[in-house]
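Each number in this note's numbering corresponds to the 1-based position in the sequence shown with 501 added.
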Amino acid sequence: MKGVTVRSYPFSAVVGMDDMALALSLCAVSPAIGGVLVRGEKGTAKSTTVRALTALLPPVEVVPGCRFSCDPGTVDPQCPDGPHPGAPPSSTRPARLVELPVGASEDRVLGALHLERALSEGVTSYDPGLLAAAHRGLLYVDEVNLLHDHLVDVLLDAAAMGRATVEREGVSVTHAARFVLVGTMNPEEGELRPQLLDRFGLTVEVAASRDPQVRAEVMRRRLAYEADPEGFAARYAEADAALGARVAQARALLPTVRLDDDMLVRIAALCAAAEVDGMRADLVIARTALAHAAWCGRTGVSAGDVRVAARLALPHRRRRNPFDPPQQDQADLDRALTEAGLDEPPPPADEPEPPSDGPPDGPPDDPDDGPDGPTDGGGPGGSGPDQPDDGRPYRQRPAAEQNGEPATAPPPATPVPAGAPYRARLLRVTGTGAGTAGRRSAALTTTGRTVGEERPTAGVTGRPHLVATLRAAAPHQRARGRRGPGLLVRPADVRLPVRQGRESNLILFCLDASGSMGARQRVGAVKAAVLSLLLDAYQRRDKVGLVTFRAAGAELALPPTASVDVAAARLEALPTGGRTPLAEGLLRAREVLRVERIRDPRRRPLLVVVTDGRATSGPDAVPRARHVARLLAADGTPAVVVDCEQGRIRMRLAADLAAVLGGEHLPLEGVAADALAHAVRTRTATRPGSEAA
Ligand SMILES: [Zn+2]
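If you want it as structure tokens, here you go:
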């Protein structure tokens, strides 16, 4: 709260975010937990709460002048600002929260090495990046699910090594980078990649309260804050200071907290019963339980501590299909807790009730509750001492609300469930694009294989092309008066590589849901094929959209989005039957593609038409469909037709459609990457949800 964050919203004034506040506080107590991922809709003060946490973090002891925040007690032997003397001086600075923008350049994150100085003066000149700034503090990524792929890799590396390393053409700099990673995201905008999800120790879901009392209190405080930020902050300063003191006390207590062997075994049993992957969950739960005991001022880990830890650490770790939102039913958790012998209610005496993790009446000495309205009684989040130890439901809203629309709402006719997804063949857009980095079609990108060189257009960022740079500098050496061995390199000599990598695309499905598509089993197989292609799109970071047509007309079932989960849910709930308005479906798709070209011009689309091609809406249905297909071809739309025709007498209309579109024709069975093996494995109907691709 000193320095950078004078006017930030006070942590203790946040209402109704109990689990989030608790998870953040526990990570402040024990950074080894590995950070917090906060999932929730827009407008739930996620970012405000994260930023407010800074005020609670104890100040950091550093070597003065070291840009890499060396700890005077244990300096980094490889510190670029070192070597530091044996007993370096020491000073304190406030803890930092560093924000990492999702589209930041690699230089900004890792730091920039200045190659021209290295070449001409033999000096390694390095500007620290955000990871250096975040060392021993917090690194915060808002919209972390939209973080660019190359930065995800950088983050994963740093998290694994505890260091950041920059290498440019043989020159390398490395420094310590240990931080608490905090991410916030809106799941409607797409899920997180599993590897990154796994790196977060804890996950919490937040949702705006449905309780008018709580909502009123949120508004009251927000308005008071906006009217007078300084005064508002001052009113909560004492409560924040008390929470800060509690963090410091818990940190000091943590090394003395015991986790006895019996409890350790129960944690292992819990994780085994919950069917999590690997061992990370066990460790995170142990660390979180230790931190929670310290947070409550105890020196032994109780079953209650483990229950709280499980609630925060398990939901996103269950082995699952990538389409499923990372959550676990309360029933599953309860069952696992029971199996591990952790479900008995806590003996009241065992738990000196933690003075809550959050809001004003939390802090031990309970100041005055904040002048703009005590919140007791009504039980807005602010008042609840963290009811944690009884394994309360940690899902605050039903899964059906997750995506704003109930995924499970049954349409009039019971939709046919999709068959199990499988690994799909890679469908590519031909030619070379320039879209957002991804894993599908060839493109000029910021990462990838070097295929050429260019002069930088605005400042040198990224790795220079060394050979090309030297080639540019060489002819000028005499004119520049070079005497010694060092090459005289000027900024104008620097050349950047032109790289070819892979881009992500927009995969727009145009799905025939009419009656001609066949019996239930066939529809299940068609849905499984689309589901498999969706799964593939998820892994390749594509945007996906879904147009469906049946009976009376075409519908945009899902506007282009990065959220494959939503697409999968829509697909599952899709009713089928009726006539086949193929032309209308294609027209609707064409309109969607036109709008997307305006919104995101660099992203190349791939239209995937899934149909048997039997247009049946009106006498001229087939010629009309061919007409629209010709328009799409004239637009230059890359297309694939997945042919769903079956039976002894084939009309080959889908093949004909593919020809008119100028696209690829792919039989339904050819969607599987390994069609033969798939045919052997294929089982009927329902999606067990465990068959990974
Ligand atoms: Zn240092």
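Here a beta-carbon is modelled for each residue, glycine too, at the ideal position from N, C-alpha and C.
V1027 is positioned such that its CB atom lies no closer than 9 Å to that of A1038. Listed in chain order, the non-local C-beta contacts of L611 below 7 Å within the same chain comprise G630, L632, V655, A665 and V667, local neighbours out to five positions each way being set aside. In this structure, DSSP gives Q579 a state outside helix and strand, which the three-state scheme calls coil. Looking at the DSSP output, K1044 bridges to L1007. Using a Cβ distance threshold of 9 Å, L988 and Q978 count as a contacting pair. Going by beta carbons, R1041 and G1148 fall outside the 9 Å limit. By the CB criterion at 9 Å, R941 and D1043 fall inside the cutoff. The C-alpha of V707 lies about 16 Å from the C-alpha of S526. G1019 and H649 have their alpha carbons spaced roughly 41 Å apart.
Taking a C-beta distance under 9 Å as the contact criterion, L928 and L1107 qualify as a contact pair. Excluding five sequence positions before and after H636, the CB atoms of its chain that fall closer than 7 Å to its own CB belong to F569, S570, A677, A678, R679 and F680, given in chain order. The closest CA to that of D520, considering only V551, P511 and Y510, is found on V551.
Annotated as proximal: S803 and A794, with beta-carbon spacing under 9 Å. Nearest Cα to A773 within the set R836, R1104 and D741: R836. Residue state for T550 is assigned as helix, using DSSP reduced to three classes. Remark: fewer than three beta-carbon pairs, one from each stretch, lie closer than 8 Å, so the segment 992-999 and the segment 1057-1076 are not flagged as touching.
Here E689 is buried: its Cβ has 16 or more other Cβ atoms, across all protein chains shown, within 10 Å.
Rounded to the nearest angstrom, the gap between the Cα atoms of G1164 and G936 is 21 Å.
Short of 7 Å from the beta carbon of P1060, and not among the five residues preceding or following it, lie these beta carbons of its own chain, in chain order: G1046. Pairing L1094 with L1007 gives a Cβ-Cβ distance under 9 Å. Judged by DSSP in its simplified three-state form, P688 adopts helix. Assignment of Q750 by DSSP, reduced to helix, strand and coil, places it in the helix class. Look at which beta carbons fall closer than 7 Å to any heavy atom of ligand 1; those residues are V564, C567, F569, C571, V576, D577, C580, D582, G583 and H585.
Bounds of any alpha helix (DSSP H) do not take in H676; it lies within the beta strand (DSSP E) bounded by V672 to A677. A distance of 9 Å or more separates the beta carbons of L598 and G745.
Proximity to L703 across L682, M1152 and P602 peaks at L682, based on C-alpha coordinates. At the C-beta level, A919 and A1063 stay beyond 9 Å of one another. The alpha-carbon separation between E1146 and A1155 amounts to approximately 8 Å. Our two residues, L640 and V561, have alpha carbons roughly 15 Å apart in a direct line.
Spanning the alpha carbons of P590 and P565 requires a straight line of approximately 7 Å. Counting along the chain, no beta strand (DSSP E) covers S526; the unbroken alpha helix (DSSP H) around it starts and ends at D519 to V530. A distance below 7 Å between beta-carbons, with the five flanking residues on each side excluded, links P957 to the following residues of its chain, in chain order: V995 and L997. If you keep only unbroken alpha helix (DSSP H) runs of at least 4 residues inside the segment 1113-1156, you get 1122-1136. One thing to note: T931 has its Cβ no nearer than 9 Å to the Cβ of G1016. Bounds of any beta strand (DSSP E) do not take in D608; it lies within the alpha helix (DSSP H) bounded by E607 to L611. Collapsing the DSSP output to three states places L784 in a helix.
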